[in-house]
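**Q** Have a look at this one before I ask anything.
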Amino acid sequence: MVNFQMIAVQPVLGLTPYQPGKPIEELARELGLDPAKIVKLASNENPLGPSPRALAAMDAALGETARYPDGSGFALKGELARRLGTAPERITLGNGSNDVLDLVARVFLGPGRSAVFSEHAFAVYPIATQAVGAEARVAPAHDGRRGPRYGHDLGAMLDRVADDTTVVFVANPNNPTGTYVTAKELEDFLVALPEWVIAVVDEAYFEYVERDDYPDAVAWLDRFPNLIVTRTFSKAYGLAGLRVGYAVSHPQVAELLNRVRQPFNVNHLALAAAVAALDDGEHLERTRRLNREGLRQLEAAFQRLGLDYIPSIGNFVTVDVGREARPVFDALLREGVIVRPVANYGLPNHLRVSVGTKAENDAFIAALERVLGGL
Ligand SMILES: *Cc1c(COP(=O)(O)O)cnc(C)c1O
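Position one of the sequence shown corresponds to residue 1184 (the working numbering), numbered consecutively onward.
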């Protein structure tokens, strides 16, 4: 048989696949556990689930699934544009915002070009960059003296921008650190960035943020035509399983992204659900409140257990377990609790835990205490 690695394009050979959170069914199978008793706090999903309005919209749309979806996403783009105070021509829909990040890489990166992102940044940036044969230029994160430890150091990122750099990725807040850059920091960065470098500001956790100094990047699109803001329905809107995200950008950038977009990249049910989800402000408010309380609950527990954690403005917290995290992760699995190891992010002693319901958080904390006491 031929060795197909000899036939694969060069950039693919250097890739390692994205490691998703362990699915509940998989753990249930492996350990013979009842799936209903497993607590999954591994993928930053909304513990309240989707809005009932989104569910009703999907129900109503089920009978139409023999038809192709609206490839232009007319209704969803219109609704997003209205709410964001922008034009539909600025919006690009994606099969999750990961899809949009990939479109950006395919349009603006390639062999002989480079992308800049931070140490400990979201794992999709290196994958999207390397998959198209571009070089990753990784900037060191803050060491805690001039900004939040492990957080993006925009000054260091600017220093990494080279002549062949065409894209920088800024996750705000970043996953898995939960850290953020302020409006002032981001604005200074965008002013200093050469105008031919595309700045992707990934706001996957935008709806959770409750900080006065957090930037409103969408409002800056007129000032910075090289800015792309990405958001998603996977996190606060509780629609991770449907895969809907979007980018807001200059119309010319959106038109370029649209050239490489799969014609029907967002499916019919997802489009219907996303429009309905936008209309349920109460569900979003409940989601934010639960998250606020859950963050406090987890932080208080970590303090009580004497564990350092990275202060987060997202729907997850990354905690230093004070030893190699892998055995703690494995022991938690045996307790029926799935969290996320982040050694692949350069954080071998940390675990990332998503904020769950109060009961889920309690179960995680109790399991963590048992595990740390027993190791
Ligand atoms: C979760 C996440 C995304 C989005 O994922 P999709 O489900 O593809 O929308 C994007 N960026 C960051 C930083 C994330 O954590």
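Note that the Cβ used here is the ideal one computed from N, Cα and C, for glycine as well.
Do the segment 1413 to 1433 and the segment 1338 to 1351 touch if we need at least three Cβ pairs shorter than 8 Å?
**A** These segments do not touch.
**Q** Which two residues bound the contiguous beta strand (DSSP E) that contains residue 1308?
**A** No beta strand (DSSP E) holds residue 1308; the alpha helix (DSSP H) holding it covers 1307 to 1314.
**Q** Hey, which unbroken runs of the alpha helix (DSSP H) at 4 residues or more fall wholly within the segment 1245 to 1274?
**A** Counting whole runs of 4 or more residues, the segment 1245 to 1274 contains the alpha helix (DSSP H) stretches 1257 to 1267.
**Q** Can you give me the C-alpha to C-alpha distance between residue 1547 and residue 1483, rounded to a whole angstrom?
**A** Distance between the alpha carbons of residue 1547 and residue 1483: 13 Å.
**Q** Is the closest heavy atom of ligand 1 to the C-beta of residue 1418 under 7 Å?
**A** Checking the Cβ of residue 1418 against ligand 1 gives yes.
**Q** Spatial neighbours of residue 1512 within its chain, please: C-beta separation below 7 Å, excluding the five flanking residues on both sides.
**A** 1522, 1524, 1534, listed in sequence order.
**Q** Find out if the Cβ-Cβ distance for the pair residue 1433, residue 1398 is shorter than 8 Å.
**A** No; because the gap between Cβ atoms is not below 8 Å, this pair is not in contact.
**Q** Between which two residues does the beta strand (DSSP E) holding residue 1297 run?
**A** Start and end: 1297 to 1301.
**Q** Quick test of the definition: if touching needs 3 or more C-beta pairs under 8 Å, does the segment 1464 to 1478 touch the segment 1216 to 1232?
**A** Flag = yes, the segment 1464 to 1478 and the segment 1216 to 1232 touch.
**Q** If distances are taken between C-alpha atoms only, which option among 1309, 1215, 1335 comes closest to residue 1195?
**A** Comparing Cα positions, the closest option is 1309.
**Q** Going by beta carbon distance, what residues of the same chain come within less than 7 Å of residue 1208, once the five residues before and after it are set aside?
**A** Here the set comprises 1218.
**Q** Determine the burial state of residue 1241: buried for a count of at least 16 other Cβ atoms within 10 Å of its Cβ, exposed for fewer.
**A** It counts as buried.
**Q** Based on Cα-Cα distance, which residue from 1322, 1321, 1336 lies nearest to residue 1328?
**A** Of the candidates 1322, 1321, 1336, the one whose C-alpha sits nearest the C-alpha of residue 1328 is 1336.
**Q** Select from 1185, 1375, 1527, 1364 the residue whose C-alpha is nearest the C-alpha of residue 1509.
**A** Comparing Cα positions, the closest option is 1527.
**Q** From residue 1502 to residue 1551, what distance separates their C-alpha atoms?
**A** Between residue 1502 and residue 1551, the C-alpha separation is close to 11 Å.
**Q** Indicate, with yes or no, if ligand 1 has a heavy atom lying under 7 Å from the CB of residue 1415.
**A** The answer is yes for residue 1415.
**Q** Using a threshold of 8 Å, state whether the C-beta atoms of residue 1460 and residue 1237 are closer than that.
**A** Yes, these two residues count as a Cβ contact at 8 Å.
**Q** Thinking C-beta only, is residue 1419 closer than 8 Å to residue 1390?
**A** In contact: residue 1390 and residue 1419 (Cβ atoms closer than 8 Å).
**Q** Short check: CB of residue 1296 to CB of residue 1253, under 8 Å?
**A** No. Outside cutoff.
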